[in-house]
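Colleague: Mapping of the sequence shown onto this note's numbering: residues 897 to 1417, in sequence order. I am attaching a structure below and will ask some questions about it afterwards.
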Amino acid sequence: MNDHNAIYWFVISIFAKKLYDLRNMRTYLSAIAFLLSIIMMPLHAAKKHELRGAWIATVANIDWPSTKGNYEKQKDEMIAMLDSLHRCNINTIFLQVRPCADALYQSELEPWSAYLSGKQGTEVSYDPLAFAIEECHKRCMEVHAWINPYRVTNGEGVDKLSKNHLYFRRPELFLTYGGKVYFNPGLEEVRDYLTSIVMDIVLRYDVDGIHMDDYFYPYKVAGEEFPDFETFKNHHRDQYDRQAWRRDNVNLVVKMIHEAIQRAKPWVWFGVSPFGVYRNEKDDWRATKAGASCTNYDELCADVLLWLEKGWIDYAAPQLYWELGRDGLDYGVLSKWWGDWSYGRNMFVGLYASGLAVKKDKAWKEGNEVIRQLNTSYNNNKINGYIFYSAKYLRDDYRGLRTDLQKDLFRYPALVPVDPNIESAPSAAPKGIKIEGDMMRWKPVIKKGGFDTRYYAIYCFGEFEDVDLNKVERIIAFTQASEVDLQEFRLPNGNYKFVITSINKFRHESKASKPIVFEKR
C-alpha cells in the first residue's frame, strides 16, 4: 500500500468513528466537510525544485503567432500565452526562435522568419525574442531559445528563401534530402557557423538556455539515402564507418556549442529534447526492450547518452509521446529508463499534450492520458521536471489539462532545479526588510559588477510558525522587484511572518532573510 492509500484508509476510519459518534446535524456536516477536504487532497507531495516547461512552436505557426504581419496582435498573443501558462505555475518557456535557418530575433547572420511576416527576410518592427525575455522575466519565468540546427526548408521550395540567405551565397554548405534542404553536418565550416549562431544569441540576449530538439540528421525517407557520400570521402577524419562519422559530426558541434556557452555565460544551459528511444535492446545492452523503427543513435546520429556522460549537455528532455502500456514503447518503462541513464545531469520528460487532440488510440480518448503519465512518474526523483508539447494545449486548457495541473501537481510554484554539476555560491539573503503601510521593501541583492539576482521568493508563515524553506506551500510570490504590496496577497486578518530569499542566475537560492511580522487588519 502506498503512503497516499494509507492516509485514505486512516481518514476513512476517523470518518467512520465520527459517524458512529454522530449526535447532531452540526457534527454530521463537520464530518462531511472533513471527508471532502481529504478526498480532495492532492495525490502527490508538492515539489519545490522542478522544471515545468512548455514548448512554444513557431514552425508553421503551430503555437504562435496566429497572424503574420500584425505585430501588435503578436505581442498581445504572447502576453496572453504567458499569462495562461503562468497561472498553472509553468516556470520555463522554450521559444522556437530558429525553426528553419531563419530568425525570430534581430540577426545579422540570418533573415527574419516568414512565420512572423509571411515572407522570409521582411523587416519586423519589434524583436520577438527580446520581447518574450522581458515578459517572461517579469513573471519570473525562464526563457530558453529553441533552435533547429540543420533544417533550412520544411517542404516549401528554395524560392521561398530570402534572396540574401546563406543558401544562395554558399550553396556548397547544403544538401537536399526528401525534398528539404539541410546544412551539411559533415563540414567543419557548418559546425563553426552553427556555433556562431548560438553564441550570437547567448551574447546579445539574456536567455536562460539554448535548446535543440530531435532534429539532427533527418528522419529517414524511404528509398532515399542521405547524400553525404562525397563529404564523407573528403572529410572522413580517418573514420571509415559512415554512421559513426555522422555521429561524430553531431558530437563535435554539440561539444563546441556547450564549451562556447560555458566560457561566456556558464549559467546558460544547453540541452536537447531527443526522440524518445535511444536504441533498441537488440543493438545495445543499455537499451530498453523498445521496438522502435527509429532511434536517436542509429537513425538520427544523436548519441545522447555520450553527451550526458561527457557533460556536453546540461540536461536531456526525451520526447515520450507514447501511452502507458504500449507494447515496446511504454511511457512508464521509457521514463524510468531515461531517469536511470541521466549520468547525474538533470533529466526532464517531454509530454505530448497535443496527443490529447490528435492521437486516435483509445488511451488518448478516455480521460487524460497526460495526467495519467504524470501520476505514474511523478515520484521518480531521477526525473527533475516536465515539458509540454505544445503550449497552446495548456493555454486552451484542452481536456482540462491546465485545470488538473493547477489543482494537483502544479498547485504551488516551483523553482527551476540547479545544475548539480556547476559550482556557484548561493546568492546572499536580502537585508533591510521593512514594512510601511502595506508595502514591504528590502535592499536589492547586488553582486560586484551588477545585479546577480534573477528574482526573489517571498514566504509567508504564521506568526509563531517555524521558518522552513522546504515548505513550498508557503511561497506566495516570486518577484523581480525589491518591493511588494502585501494587499495583493489578500490575506485574512491576522499576524503573519514573512521571509525573503534571492535566487541567482545559477538558480541557487539564498538562505532566508531575517523574518518580519505583519499585522493584517
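C-beta: ideal position from N, C-alpha, C; glycine also. As the structure is a prediction and not an experimental result, all values here were calculated from the model.
#1: Can you name the start and end residues of the alpha helix (DSSP H) that Y1227 belongs to?
#2: Tell me the residue span of the alpha helix (DSSP H) that contains Y1282.
#3: Going straight from the alpha carbon of Q1002 to that of C1197, what length do you get?
#4: Would you check if there are 3 or more beta carbon pairs closer than 8 Å linking the stretch 1240-1252 to the stretch 1281-1296?
#5: Mapping the DSSP letters down to three states, classify V1413 as helix, strand or coil.
#6: Closest by CA to S1398, which one among A1213, N1145 and L1365?
#7: So, for Y1022: in the same chain, excluding its five sequence neighbours on each side, which residues have a beta-carbon less than 6 Å away from its beta-carbon?
#8: Go to A1156, then tell me how far its alpha helix (DSSP H) extends in each direction, as first and last residue.
#9: Once DSSP output is grouped into helix, strand and coil, what is the label at S1398?
#10: Identify, in the order they occur along the chain, each residue of the same chain with its Cβ nearer than 7 Å to the Cβ of D959, setting aside the five sequence neighbours on each side.
#11: Between S933 and the rest of its own chain, which residues show a CB-CB distance below 8 Å, the 5 nearest in sequence each way excluded?
#12: Any chance you could list the alpha helix (DSSP H) runs of at least 4 consecutive residues sitting entirely within the stretch 1011-1035, in chain order?
#13: When the Cα of D1013 is compared with those of W1181, K1393 and K1056, which residue comes out closest?
#14: F1284: which of L981, Q1383, I1354 and N1130 sits nearest, CA to CA?
#15: Grab the span of the beta strand (DSSP E) containing T1349 for me, first residue to last.
#16: Buried or exposed: which applies to Y1078, given that a residue is buried once 16 or more other Cβ atoms fall within 10 Å of its Cβ?
#17: Put I1371 into one of helix, strand or coil per three-state DSSP.
#18: Considering Cα atoms alone, identify which of V1173, Y1282, V1098 and P1007 is closest to L1225.
#19: Per DSSP, which one or two residues make a beta bridge with Q992?
#20: Which residue from V1314, W1141 and N1192 puts its Cα closest to that of N1130?
#21: What is the rounded straight-line gap between the Cα of I986 and the Cα of R1307?
#22: Which stretch, first to last residue, makes up the alpha helix (DSSP H) that contains Y1248?
#23: Identify the continuous beta strand (DSSP E) that holds E973 and give its terminal residues.
#24: Does DSSP put W1203 in a helix, in a strand, or in coil?
#25: What does a CB cutoff of less than 6 Å around P1309 pick up in its chain, not counting 5 residues either side in sequence?
#26: Taking DSSP's pairing of strands, which residues face G1082 in a bridge?
#27: Give me the Cα-Cα distance between E851 and R1047, rounded to the nearest whole angstrom.
#28: Would you report the Cα separation of R1159 and Q1135, rounded to the nearest angstrom?
#29: What is the rounded straight-line gap between the Cα of L1083 and the Cα of A1186?
#30: Rank K1416, L1387 and D1257 by C-alpha distance to the C-alpha of G1333 and give the top, closest one.
#31: Are there three or more Cβ pairs, one per stretch, closer than 8 Å when the stretch 1037-1044 is compared with the stretch 1094-1105?
#32: Tell me, which residues are paired with D1381 by DSSP?
#33: Over the uninterrupted alpha helix (DSSP H) stretch that includes R1065, give me the two end residues.
#34: For F1125, does the three-state DSSP call read helix, strand or coil?
#35: Provide the residue(s) that pair with G1105 in DSSP beta bridges, ordered along the chain.
Modeller: This is what the structure holds:
#1: Y1227 to D1236
#2: Note, Y1282: premise wrong, no alpha helix (DSSP H); beta strand (DSSP E) at G1281 to Y1285.
#3: 31 Å
#4: yes
#5: strand
#6: L1365
#7: Y967
#8: R1138 to A1160
#9: strand
#10: I952, A953, S1286, A1287 and K1288
#11: Reliability fails at S933, whose pLDDT of 42 lies under 50, so the model's placement of it is uncertain and the value that follows must be treated cautiously. Once the five neighbours on either side are set aside, S933 has no close Cβ partner at all.
#12: 1024-1034
#13: According to the sequence as given, residue 1013 is Ser; it is not Asp. Of the listed residues, the one whose Cα sits closest to S1013 is K1056.
#14: L981
#15: T1349 to G1358
#16: buried
#17: strand
#18: V1173
#19: W1042
#20: W1141
#21: 10 Å
#22: Taken as a continuous stretch (DSSP letters only), Y1248 belongs to no alpha helix (DSSP H), being part of the beta strand (DSSP E) at N1242 to Y1248.
#23: From DSSP, E973 is part of no beta strand (DSSP E) but of the alpha helix (DSSP H) over Y967 to R983.
#24: helix
#25: N985 and I1371
#26: Answer is none; G1082 lacks a bridge partner.
#27: The requested residue 851 is not part of the displayed model; the chain covers only 897 to 1417.
#28: 30 Å
#29: 33 Å
#30: K1416
#31: yes
#32: M1335
#33: L1062 to R1065
#34: helix
#35: H1040 and W1165
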